[in-house]
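Enquirer: Pasting in a structure now, in structure tokens, and then I'll have a few things to ask.
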Amino acid sequence: GSTEKGQFYEYMMSALGIPISKESRDAFKHDFFGKVFFCKPNYYTKERKAFLAEFPTVFNHITKLKQKNARDAPLALQRAESDFIIGTVCKRILKESPETPLLTIHDSIMTTRSQAGIVERIMKEEFFKLGIQPTLRSEDYAVGFMPSAKECSVRVAVSVEETDSELDSGVVTVPTFAC
844 GSTEKGQFYE
854 YMMSALGIPI
864 SKESRDAFKH
874 DFFGKVFFCK
884 PNYYTKERKA
894 FLAEFPTVFN
904 HITKLKQKNA
914 RDAPLALQRA
924 ESDFIIGTVC
934 KRILKESPET
944 PLLTIHDSIM
954 TTRSQAGIVE
964 RIMKEEFFKL
974 GIQPTLRSED
984 YAVGFMPSAK
994 ECSVRVAVSV
1004 EETDSELDSG
1014 VVTVPTFAC
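Structure (structure tokens):
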């Protein structure tokens, strides 16, 4: 669906009748987190109601996570993300290709260009085991950004948008020099 293609925010904006532009998407993303994920379980906004209508199972799970403390849900989601990236994907990469340099940045892994294919393949396979077919993308970073790297560093990330979209991906970028 739209979430696997990295178009979650655009999907929700359409459901709420909000015109989509880079500026409106950035503002919506910020507001959405506050009004859906970080708010108290009994706080209902139009964004939260739309999320419930579109994703009732996820909504109910997040609401249960917030029963004791509203901050429990985002912390649990961040923990699940790091457990998956570090405990599943990186663990398997290190087992199958111990020479692959790895640095994690939230839902992405930085490695050297020559190892990017291995990282991307394993990341896709591990997501597939969960029934998810994410849109992944790689982006070059500068030579020397990764410690001890003599080649360009590459970041393999779960894309939050379609590759050909004009909207910003939300990924922090580092200036790329000639690689």
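Residues 844 to 1022 in the working numbering are what the sequence shown spells out, letter by letter. Even for Gly, the Cβ is constructed at its ideal location relative to N, Cα and C. Predicted model, so just to flag it, every value in this text is computed and none were measured.
#1: By Cβ distance, which residues of its chain are closer than 7 Å to residue 917, with the 5 residues on each side in sequence left out?
#2: At what residues does the beta strand (DSSP E) containing residue 979 begin and finish?
#3: Would you give the residue range spanned by the beta strand (DSSP E) that residue 946 belongs to?
#4: By how many angstroms is the C-alpha of residue 854 removed from the C-alpha of residue 869?
#5: Could you have a look at residue 940 and say whether DSSP puts it in helix, strand or coil?
#6: In terms of residue numbering, what span does the alpha helix (DSSP H) encompassing residue 900 cover?
#7: Relative to the alpha-carbon of residue 859, which residue among 926, 896 and 877 has its alpha-carbon at the smallest distance?
Expert: The structure says:
#1: Numbered from 1 along the sequence shown, position 74 holds the residue referred to as residue 917. Excluding sequence neighbours, residue 917 sits near 880 and 881.
#2: Sequence index remark: in the sequence shown, residue 979 carries index 136 (1-based). Looking at the DSSP string, the run of the beta strand (DSSP E) that includes residue 979 is 979-983.
#3: Numbered from 1 along the sequence shown, position 103 holds the residue referred to as residue 946. Residues 946-948.
#4: To locate residue 869, count along the sequence shown from 1; it is residue 26. To locate residue 854, count along the sequence shown from 1; it is residue 11. About 14 Å.
#5: What you label residue 940 is simply residue 97 of the sequence shown in a count that begins at 1. Looking at residue 940 - three-state DSSP - the assignment turns out to be coil, as it is neither helix nor strand.
#6: Stepping through the sequence shown from its first residue, residue 900 is reached at position 57. 899-908 is the span of the alpha helix (DSSP H), which, as asked, contains residue 900.
#7: Residue mapping note: residue 859 aligns to position 16 of the sequence shown, counting from 1. Minimum Cα distance to residue 859 is reached at 896.
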